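Numbering (this note's numbering), first residue to last: 76 to 505.
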């Protein structure tokens, strides 16, 4: 044993800059103990330092329940490890904290270890945790990081004595990988998840409910989505976009005229009812501008009647797909967006879904990619298939949504609104 001690001491003299010296010393101290020499001391004589509690692996809830039950049934069979450290006290507990907390025994088996400082105790405790079975990779990295933190002061001294700071990050990564016995690349993934991952993902990774690679993949995808949202998000129109008058002219005149005179309803009718291609009579549409819909909430007016929240759909078309269509007529809503900022900042369009059989964003060709992104960002996945895209520049249905069944309530209120528009006389396109 003395030869091994001299060898380790010689190694420390040859390389004082090694951050693993303290770890080697801890190993040496462990080897120097006589594991067969077990004593029994009173539980009340054991000292538990709060400073050392953070170096103890936290048990999961079910694991703790099983452990406590086992201790209560079988007692403490394995000895606790204690040590004396000048300035901190005697019989300091360094291993066996969970057993100590779980047991009611008055006399406990112990083994004594010898350390020259509390720093050596901390290193030994962390190294001892790494040697346990069933540790997840994330737990190993967490312990290795704590070990690296204990080496931090020594690393600072190395830099002061002329160490090159360049590449220090890589050396730190390799150091932690060496201590944990895992790859440096995997450690980089672990670090990114801890820093940027959702708390739920981090917990699942640390508790070995999810692999580091899967947690990293999920976190990376979320970061990319956030970056994309930030690129698309604009709070104010840019100078090159339409001013207020131009926007109004485009929305109320040019864009509406395109919906009114376009042949998009032929394509939609053929999509909904393929058999009409063989019919001689073409589909017909009746188009209305600024159709008001009312969503009734719990608010009431001064007369005690329900107070609705009113919004105007830019355009609503009533489509008759073939001549004898009575029950097959359907309705189409258009929300016209002619500027990027108007499209991106629209938050009310989802309240229009369900009022008509089809719903479309009507946009110029340059805004089609942004319209697609807008649909992808919708909160509820089942709503994404309910919104289509109509190209105002070439009268093409870029994306046709699923047909929606309109409730009788919405249907009757919508048709009452259309009737209010001078009983179909003001209908554009007649």
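A virtual CB, placed ideally from N, CA and C, is assigned to each residue, including glycine. Keep in mind that this is a model prediction, so the values were computed, not measured.
Thinking just about the alpha-carbon of each residue, which of the options is nearest to the one in residue i?
i           : options            : result
residue 114 : 219, 286, 152      : 152
residue 390 : 396, 427, 422, 199 : 427
residue 132 : 154, 179, 221, 192 : 221
residue 441 : 349, 116, 414, 298 : 414
residue 214 : 269, 180, 347      : 269
residue 303 : 144, 444, 134      : 444
residue 447 : 418, 431, 423      : 418
residue 346 : 433, 421, 328      : 433
residue 273 : 490, 296, 407      : 296
residue 264 : 284, 290, 283      : 290
residue 260 : 301, 278, 216      : 216
residue 129 : 201, 400, 425      : 201
residue 181 : 116, 170, 198      : 116
residue 398 : 388, 355, 362, 412 : 355
residue 477 : 267, 464, 412, 199 : 464
residue 342 : 458, 473, 278      : 473
residue 400 : 112, 344, 471      : 344
residue 330 : 143, 142, 176, 466 : 466
Any beta carbon of chain D sitting closer than 8 Å to that of residue i?
i           : result
residue 443 : The chain inventory of the structure shown lacks chain D, comprising one protein chain alone.
Where DSSP assigns a beta bridge to residue i, which residues make up the other side?
i           : result
residue 188 : 158
residue 169 : In DSSP, residue 169 forms no bridge with anything.
residue 397 : None; residue 397 has no bridge partner.
residue 117 : 182
residue 122 : 167
residue 392 : 362, 407
residue 386 : 368
residue 427 : Note: residue 427 sits in no beta bridge, so no partner.
residue 434 : 408
Determine the direct distance from the alpha carbon of residue j to that of residue i, and round the result to whole angstroms.
i           : j           : result
residue 404 : residue 357 : 13 Å
residue 100 : residue 452 : Residue placement at residue 100 is poorly supported in this model, since its pLDDT is 49, which falls under 50; the coordinates still yield a value, given next. Using only the alpha carbons, I get a separation of about 56 Å.
residue 188 : residue 194 : 14 Å
residue 105 : residue 271 : Bear in mind that the predicted position of residue 105 carries a pLDDT of just 49, short of 50, making it unreliable; the figure below should be weighed with that in mind. Rounded to the nearest angstrom, the two C-alpha atoms are 38 Å apart.
residue 159 : residue 224 : 24 Å
residue 368 : residue 462 : 18 Å
residue 155 : residue 203 : 13 Å
residue 485 : residue 492 : 11 Å
residue 352 : residue 288 : 53 Å
residue 469 : residue 435 : 15 Å
residue 148 : residue 118 : 18 Å
residue 437 : residue 421 : 13 Å
residue 431 : residue 481 : 6 Å
residue 494 : residue 365 : 13 Å
residue 191 : residue 174 : 25 Å
residue 312 : residue 298 : A caution first: residue 312 carries a pLDDT of 44, below 50, which makes its placement in the model unreliable, though a value can still be read off. Their backbone Cα atoms lie some 26 Å apart in a straight line.
residue 456 : residue 283 : 29 Å
residue 488 : residue 388 : 14 Å
residue 450 : residue 134 : 44 Å
residue 207 : residue 218 : 11 Å
So, under 8 Å CB-CB, residue i and residue j are touching, yes? Tell me the CB distance rounded to an integer number of Å.
i           : j           : result
residue 475 : residue 409 : Not quite, the Cβ-Cβ distance comes to about 13 Å (not below 8 Å), so this is no contact.
residue 167 : residue 122 : 5 Å
residue 205 : residue 163 : In fact, because the Cβ distance is near 24 Å, the residues do not count as touching under 8 Å.
residue 479 : residue 429 : 6 Å
residue 294 : residue 276 : 6 Å
residue 262 : residue 251 : 6 Å
residue 515 : residue 146 : The chain is shown only over 76 to 505; residue 515 falls outside these bounds and no answer can be derived.
residue 392 : residue 406 : 7 Å
residue 386 : residue 423 : 6 Å
residue 340 : residue 281 : That pair is no contact at about 57 Å.
residue 127 : residue 169 : 7 Å
residue 212 : residue 183 : Contact doesn't hold; Cβ gap of about 33 Å is too wide.
residue 396 : residue 348 : 5 Å
For the ligand HEM, I want to know if residue i counts as a neighbour, meaning its beta carbon is within less than 7 Å of at least one of the ligand's heavy atoms.
i           : result
residue 396 : You won't find the ligand HEM in this model; it holds no ligand whatsoever.
If you scan the region 436-493 from start to end, which runs of the beta strand (DSSP E) of 3 or more residues do you find wholly inside it? 463-466, 471-474
What are the start and end residues of each continuous beta strand (DSSP E) run of 3 or more residues lying completely inside the region 195-227, in chain order? none
Residue ranges of each beta strand (DSSP E) within the region 246-296, 3 or longer: none
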